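S.K.:
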RNA sequence: CGGGGAGUAGCGCAGUCUGGUAGCGCACAGCGUUUGGGGCGCUGGGGUCGUAGGUUCAAAUCCUAUCUCCCCGACCA
């Protein structure tokens with residue numbers, strides 16, 4: 003491709019709207035353009051990267067028996083009503099009516115559609131297992147898109163779904179997907195890690211998220227350097243400290259005027275935060291057994307030195323949704339914001355959930371449910387009890403690893419993919435059943451697996467750039483060679499040499515972007531660095547006089563001169579080295 | 001949805017407080033010069049100042065409403 007013909011416009015300055023490196027570089031290198039909040043166009047260079055990423059996904063999915071299909075982006079409401087998600091999902095789903103007034107939505111994921119497909123196609127265990135996938139557009143009307151391609155509303159996702167006759171068969175297949183996912187990311191030059199994740203509302207039994215560790219990530223990952231334990235903070239556990247062994251002391255009211263925070267309380271009374279209990283007031287939407295949902299006031303209690311983990315709490319009480327309670331709701335149950343404890347509150351419609359460390363912690367300081375007053379020596383069992391005792395606090399750096407007790411560490415990560423044992427939630431709802439060997443009708447057991455291609459592309463940039471621009475891994479670089487021709491009309495012998503080398507590279511099947519523009523060397527070099535192809539080849543008058551051209555590795559910065567008649571070999575050598583580097587990242591993973 | 005910021009040429013910005021016929025840099029077109037890390041000179045094209053009302057002799061500037069975008073938070077199947 004000739005740069006003079008390429009539909010591109012590189013930018014010298016960072017667009018004002020971009021904050022994070024990948025967003026700035028994608029815009030500056032002319033790979034994408036934003037059309038609206040969270041809605042992007044992929045321009046020719048960006049499109050080539052995206053296409054290569056998707057081709058890698060295809061190959062890895064095919065390698066584990068996947069078959070590619072395309073499902074619609076517009077879904078009839080009827081399918082989503084059958085799964086119930088038409089009613090469960092809020093404004094994230096874009097809905098509309100057709101000319102006849104029928105309800106539709108834009109697909110935010112495709113469990114409903116594909117389960118309906120399976121329901122129609124599958125009758126017998128003989129047809130199982132199989133895995134279908136597609137690479138297709140999703141639309142989720144996110145409340146807040148951000149970070150360029152990191153979090154968008156319209157995006158392309160590789161979503162795969164496997165169908166099995168038994169949980170055992172799904173269990174056997176899941177590790178293959180796990181390995182295939184590592185292969186996808188590593189072949190894209192991304193060293194992602196897998197973490198345990200929340201199965202929550204998807205109703206599955208096991209799930210992993212693949213995380214690209216970068217400060218721009220929206221998730222917090224808790225990890226142990228010693229034993230390799232790693233989990234999303236939403237589900238991460240830790241070994242809780244052993245509380246002091248003390249005999250319960252008499253409950254004692256203490257005036258604490260104006261002290262309504264844990265930090266203030268600990269300072270005021272001269273006790274460590276670990277000797278206090280804090281109350282968090284929430285309202286949960288809980289689904290009853292008959293399917294109806296009801297709101298319940300949730301009174302959560304955790305130790306003062308720890309933070310509530312809402313995901314754990316929601317799972318512990320099977321809440322569909324949690325929101326902070328309003329002050330008047332808090333007072334209605336007899337508690338006082340800032341001075342709350344479960345002692346003496348009205349318990350009728352209140353669900354008291356305490357962290358499992360609370361019953362073991364004697365003589366805590368807790369609120370007295372009236373302004374400016376706390377209790378000393380609060381003891382679980384004697385002074386109050388709970389409806390549920392569970393682990394509901396968030397793991398944090400410094401906490402002890404649940405496996406090896408070493409101090410845990412936290413990092414930020416971008417979720418580039420996830421895999422999920424779905425089970426029979428959708429097959430039961432959508433009537434996707436099969437007849438087993440014994441003639442029994444059973445629901446198909448499902449798994450689902452997703453990777454966002456744009457987010458993956460942005461994550462690769464986050465981890466592969468320098469102050470000059472992007473450094474594409476060779477596997478997904480839009481082209482492999484950036485050929486800089488430094489000749490102009492007056493130095494036509496240089497132009498001719500560059501043209502000839504461009505021809506030879508192309509003939510040799512080497513993907514080349516030929517900068518044939520009438521620009522100064524600096525402009526071309528800067529664009530080459532910005533666009534970030536693995537190899538830069540410079541053809542200039544100075545070198546030609548000695549019969550050489552300059553070959554530069556974008557990643558390492560290594561520069562060498564090669565004879566004009568050995569350009570192809572020279573380029574191939576550098577590219578081979580880059581491919582070898584990616585291959586070296588591949589390795590076996592065990593679950 | 002809560003908090004903060006911003007909409008002026010393709011991009012980055014000044015001008016707004018204090019109303020008076022819209023400007024700078026880059027980019028773009030032409031010419032010349034230059035030619036291995038974003039050169040220089042001359043000439044030129046391009047903006048109903050987000051939109052709609054209002055105040056005024058006069059509005060980018062003041063008032064009202066509204067839309068959009070970005071950041072932090074909430075949310076994220």
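Residue numbers (our numbering): 3 to 593. Using N, Cα and C, we set each Cβ at its ideal position, and we do this for glycine too. For clarity, every value in this text was computed on a predicted model and none was experimentally measured.
What does the alpha-carbon distance come out to for the pair residue 116 and residue 85?
M.R.: Between residue 116 and residue 85, the C-alpha separation is close to 12 Å.
S.K.: Expressed to the nearest angstrom, what Euclidean distance is found between the alpha-carbon atoms of residue 22 and residue 555?
M.R.: If I take the Cα positions, the gap works out to 25 Å.
S.K.: To which residues does DSSP link residue 443 through a beta bridge?
M.R.: DSSP output for residue 443 lists 437 as bridge partner(s).
S.K.: Entirely within the stretch 303–356 and at least 3 residues each: give me those beta strand (DSSP E) ranges in chain order.
M.R.: Complete beta strand (DSSP E) runs here, min 3: 321–326.
S.K.: For residue 412, write down the residues that DSSP places opposite it in a beta bridge.
M.R.: Note: residue 412 sits in a beta bridge opposite 224.
S.K.: Could you round the C-beta distance between residue 6 and residue 519 to whole angstroms and report it? I think they count as a contact, below 8 Å.
M.R.: About 5 Å; that satisfies the 8 Å criterion.
S.K.: Starting from residue 528, follow the alpha helix (DSSP H) in both directions and report where the run begins and ends.
M.R.: Segment 523–533, the alpha helix (DSSP H) holding residue 528.
S.K.: Could you say if the stretch 483–490 and the stretch 529–547 meet the contact criterion of at least three C-beta pairs nearer than 8 Å?
M.R.: Flag = yes, the stretch 483–490 and the stretch 529–547 touch.
S.K.: Measure the CB-CB distance between residue 175 and residue 164 and report whether it falls below 8 Å.
M.R.: It is a contact, given that the beta carbons lie within the stated cut-off.
S.K.: Run the CB neighbour count on residue 76, radius 10 Å, all protein chains shown included, and call it buried at 16 or more, exposed below.
M.R.: Flag for residue 76 reads exposed.
S.K.: Need the endpoints of the beta strand (DSSP E) that residue 69 sits in, please.
M.R.: Unbroken beta strand (DSSP E) run through residue 69: 68–70.
S.K.: Return helix, strand or coil for residue 53, following the three-state DSSP convention.
M.R.: It is helical.
S.K.: Look at the alpha carbon of residue 173 and the alpha carbon of residue 361, and state the distance between them as a whole number of angstroms.
M.R.: If I take the Cα positions, the gap works out to 37 Å.
S.K.: At which residues does the beta strand (DSSP E) containing residue 197 begin and terminate?
M.R.: Its beta strand (DSSP E) spans residues 195–198.
S.K.: So what's residue 273 in DSSP terms, helix, strand or just coil?
M.R.: Reduced to three states, the DSSP call for residue 273 is coil.
S.K.: Would you mind working out which of 480, 12, 143 and 238 sits nearest residue 412, comparing C-alpha positions?
M.R.: For the residues 480, 12, 143 and 238, the minimum Cα distance to residue 412 belongs to 238.
S.K.: Leaving out the 5 sequence neighbours to the left and right, which residues in its chain are closer than 6 Å to residue 94 when beta-carbon positions are compared?
M.R.: Contacts found: 142 and 143.
S.K.: Tell me whether residue 110 is buried or exposed, calling it buried when 16 or more other Cβ atoms sit within 10 Å of its Cβ.
M.R.: It is buried - the Cβ of residue 110 has at least 16 other Cβ atoms within 10 Å.
S.K.: Are the beta-carbon atoms of residue 357 and residue 304 separated by less than 8 Å?
M.R.: Yes; because the gap between Cβ atoms is below 8 Å, this pair is in contact.
S.K.: Who are residue 107's beta bridge partners in DSSP?
M.R.: For residue 107, which the question treats as bridged, DSSP gives the partners 77 and 97.
S.K.: Does DSSP classify residue 29 as helix, strand or coil?
M.R.: Helix at residue 29.
S.K.: Taking residue 39 as the reference, give the member of 274, 368 and 19 with the closest Cα.
M.R.: Answer by Cα proximity: 19.
S.K.: Looking only at C-alpha atoms, which of 388, 250, 582 and 321 sits nearest to residue 346?
M.R.: If we check each option's Cα against that of residue 346, 388 comes out closest.
S.K.: What's the C-alpha gap between residue 213 and residue 366?
M.R.: If I take the Cα positions, the gap works out to 39 Å.
S.K.: Roughly how far, in whole angstroms, is the beta-carbon of residue 422 from the beta-carbon of residue 209, given that I think they are within contact range, below 8 Å?
M.R.: Sure, about 5 Å apart at Cβ, within 8 Å.
S.K.: Under the rule that 16 or more other beta-carbon atoms within 10 Å means buried, what is residue 546, buried or exposed?
M.R.: The residue is buried, with at least 16 neighbouring Cβ atoms inside 10 Å.
S.K.: Would you call residue 403 buried or exposed, if buried means 16 or more other Cβ atoms sit within 10 Å of its Cβ?
M.R.: Burial call: buried.
S.K.: So residue 475 and residue 310 are supposed to be a Cβ contact under 8 Å. How far apart are they, rounded?
M.R.: That pair is no contact at about 40 Å.
S.K.: Using three-state DSSP, classify residue 541 as helix, strand or coil.
M.R.: Strand at residue 541.
S.K.: At which residues does the alpha helix (DSSP H) containing residue 181 begin and terminate?
M.R.: Run containing residue 181: 169–189, per the alpha helix (DSSP H) assignment.
S.K.: Could you tell me which of 12, 332 and 256 sits nearest to residue 271, measuring between CA atoms?
M.R.: The residue with the shortest Cα to Cα distance from residue 271 is 256.
S.K.: Considering just the uninterrupted stretch of the alpha helix (DSSP H) at residue 575, what are its terminal residues?
M.R.: 569–587 is the span of the alpha helix (DSSP H), which, as asked, contains residue 575.
S.K.: Go ahead and pull the three-state DSSP assignment for residue 253.
M.R.: Coil at residue 253, not helix or strand.
S.K.: Round the Cβ separation of residue 1 and residue 151 to the nearest angstrom and send it over; I've been treating them as touching at under 8 Å.
M.R.: No answer is possible for residue 1: it lies beyond the span of the chain, which begins at 3 and ends at 593.
S.K.: Tell me the DSSP secondary structure of residue 398 in three-state form.
M.R.: Here residue 398 sits in coil by DSSP.
S.K.: Given a threshold of 16 other Cβ atoms within 10 Å of its Cβ, counted over all protein chains shown, does residue 100 qualify as buried or as exposed?
M.R.: With fewer than 16 Cβ atoms within 10 Å of its Cβ, residue 100 is classed as exposed.
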